[in-house]
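In this text, residue positions in the sequence shown follow this note's numbering: the first is 5, and each later residue adds one.
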Amino acid sequence: MSNRLYRLMLAHQRIDETLRREQRRRGVSPFVLMRLKKMRLRVKDLIHRQRRAPQTS
């Protein structure tokens, strides 16, 4: 696994944890949730793109 892929996976995990924590809070702004969901999706797309990219050594 490349260093970049590992960092992307960690970022996705952190965003997911933050999103779950915010969803449990009372009075959370829907805009905060929307921003976190978009960030998580963007990182997920980057992970898929990285996995499909040909490996160069």
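Yeah, the Cβ is synthetic: ideal placement off N, Cα and C, and Gly gets one too.
In three-state terms, what does DSSP make of Ala57? Looking at Ala57 - three-state DSSP - the assignment turns out to be coil, as it is neither helix nor strand.
Indicate the three-state DSSP secondary structure (helix, strand or coil) for Arg18 in the structure shown. If DSSP states are grouped into helix, strand and coil, Arg18 belongs with the helices.
Helix, strand or coil: which one does DSSP assign to Met38? In this structure, Met38 counts as helix in the three-state DSSP scheme.
On the premise that Gln54 lies in contact with Leu9, defined as a C-beta separation below 8 Å, what is that separation, rounded to the nearest angstrom? In this structure Leu9 is in contact with Gln54, their Cβ atoms being roughly 5 Å apart against a cut-off of 8 Å.
Where does Leu45 land, buried or exposed, given buried means 16+ other C-beta within 10 angstroms? It counts as exposed.
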